[in-house]
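**Q**
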Amino acid sequence: MTSPARVTRPAQPEHRPQTKHGVVEDVLGLLVGTVLASFGLFLLHSSSTVTGGTAGLALLLSYALPVPFGAIFVAVNLPFLIAAISRKGLDFTLRTLLAIAVLTALTALHTAVVPPLTLPPLYAALLGNVLAGVGLLILFRHRASLGGFNIVGLIMQERRGIPAGYVQLVLDLMVLLASLIVLPLPLVAVSALGAVVLNVAIALNHRADRYTGW
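Sequential numbering of the sequence shown, starting at 27, is according to the numbering used here.
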């Protein structure tokens with residue numbers, strides 16, 4: 027009598043343990059993330075282009091109001107930070123507050139130290155948004171953000187499974203549409219392309235199944 031054929035079961039997915047970041051890793055992560063994001067925003071401001079999110083909204087208002095970007099950025103973020111306390115916890119909110127404060131200081135530093143730049147809008151929009159996107163990814167992976175739409179996107183990804191990058195993209199495009207009030211259409215179109223680059227990068231890279239650090 028022949029023995030029945032052995033059935034081979036598919037291999038079960040490997041469950042890797044999560045690795046907690048140390049204090050030094052978190053500090054360096056927050057610093058590097060805010061340096062990259064702030065310089066990206068500086069490039070955008072230097073070319074009079076905008077990006078999405080509350081950073082883009084603050085940039086937009088800074089073109090129309092005689093108020094420093096940093097002050098506007100903090101004010102715009104306040105409602106989102108209040109929501110973050112209940113939805114994301116105090117630790118995340120405090121890290122985000124710290125990141126916003128550091129980014130505000132670094133943006134002022136870039137403006138004071140770097141000579142005035144004359145950059146092609148397309149170059150500035152793409153490079154600025156790539157830098158800002160990488161900076162945001164680093165902040166996300168160290169339990170922080172730059173507030174605003176970042177918070178909305180992270181909450182929607184965790185609770186609804188919708189990639190944070192795509193949530194932010196929709197909201198960012200709404201901000202860019204509003205910027206038509208003060209900016210010409212070609213500049214807004216270039217800015218929209220930059221926003222797509224930033225948010226697609228976040229959507230493709232900020233995924234729980236590809237990163238186990240926290």
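Every residue gets a Cβ at the ideal spot worked out from N, C-alpha and C, and that includes glycine. Please read these numbers as outputs of a predicted model, since none were measured by experiment.
With DSSP as the reference, label Thr75 as helix, strand or coil.
**A** coil
**Q** Across the segment 85-98 and the segment 158-170, are there enough close Cβ pairs to call them in contact, namely three or more that are closer than 8 Å?
**A** no
**Q** Give me the Cα-Cα distance between Ala127 and Leu211, rounded to the nearest whole angstrom.
**A** Going by the C-alpha atoms only, they are around 32 Å apart.
**Q** Using C-beta distances below 8 Å, list every residue in its chain close to Val33, excluding the 5 sequence neighbours before and after it, in chain order.
**A** Only weak support is given to the placement of Val33: the predicted model assigns it a pLDDT of 47, under 50, and the question is left unresolved by the model.
**Q** What is the DSSP secondary structure of Thr45, reduced to helix, strand or coil?
**A** strand
**Q** Measuring alpha carbon to alpha carbon, tell me which of Val216, Leu195, Val214 and Leu209 ends up nearest Ala229.
**A** Cα-wise, what sits closest to Ala229 is Leu195.
**Q** When you compare only the Cα positions, how much space is there between Gln38 and Thr137?
**A** The pLDDT assigned to Gln38 is 47, lower than 50, so where the model puts this residue is not dependable, and the model offers no usable value.
**Q** Please report the straight-line C-alpha distance between Pro146 and Ser217, rounded to a whole angstrom.
**A** 12 Å
**Q** State buried or exposed for Ile207, treating a residue as buried only when at least 16 other CB atoms are found within 10 Å of its CB.
**A** exposed
**Q** Considering only residues of the same chain and omitting the five flanking positions on each side of Ala151, which have a CB-CB separation below 6 Å?
**A** Thr75, Val216, Ser217 and Gly220
**Q** The alpha helix (DSSP H) with Ser205 in it runs from where to where?
**A** Per DSSP, Ser205 belongs to no alpha helix (DSSP H) and is neither H nor E.
**Q** Please work out which residues of its chain come closer than 6 Å, Cβ to Cβ, to Gly241, disregarding the five sequence neighbours upstream and downstream, and give them in chain order.
**A** No answer is possible for residue 241: it lies beyond the span of the chain, which begins at 27 and ends at 240.
**Q** Distance, Cα to Cα, Pro36 vs Ala170?
**A** Interpretation of Pro36 is limited by its pLDDT of 45, a score under 50 that renders its predicted location unreliable; the figure taken from the coordinates is listed afterwards. Computed Cα separation, rounded: 38 Å.
**Q** Give the C-beta separation of Ser205 and Leu86 to the nearest angstrom, bearing in mind that I take them to be a contact with Cβ-Cβ under 8 Å.
**A** 5 Å
**Q** Rounded to whole angstroms, how far is the Cβ of Gly191 from the Cβ of Asn225, which I believe are closer than 8 Å?
**A** 4 Å
**Q** Can you tell me where the alpha helix (DSSP H) holding Leu163 begins and where it ends?
**A** Annotation for Leu163: the continuous alpha helix (DSSP H) segment containing it runs Pro147 to Phe166.
**Q** Identify, in the order they occur along the chain, each residue of the same chain with its Cβ nearer than 8 Å to the Cβ of Leu91, setting aside the five sequence neighbours on each side.
**A** Answer for Leu91: Ile98, listed in chain order.
**Q** State buried or exposed for Lys114, treating a residue as buried only when at least 16 other CB atoms are found within 10 Å of its CB.
**A** buried
**Q** Identify whether Val93 lies in helix, strand or coil by the three-state DSSP scheme.
**A** coil
**Q** Identify, in the order they occur along the chain, each residue of the same chain with its Cβ nearer than 8 Å to the Cβ of Val61, setting aside the five sequence neighbours on each side.
**A** Counting only Cβ-Cβ distances below 8 Å, and skipping sequence neighbours, we find Leu132 and Gly161.
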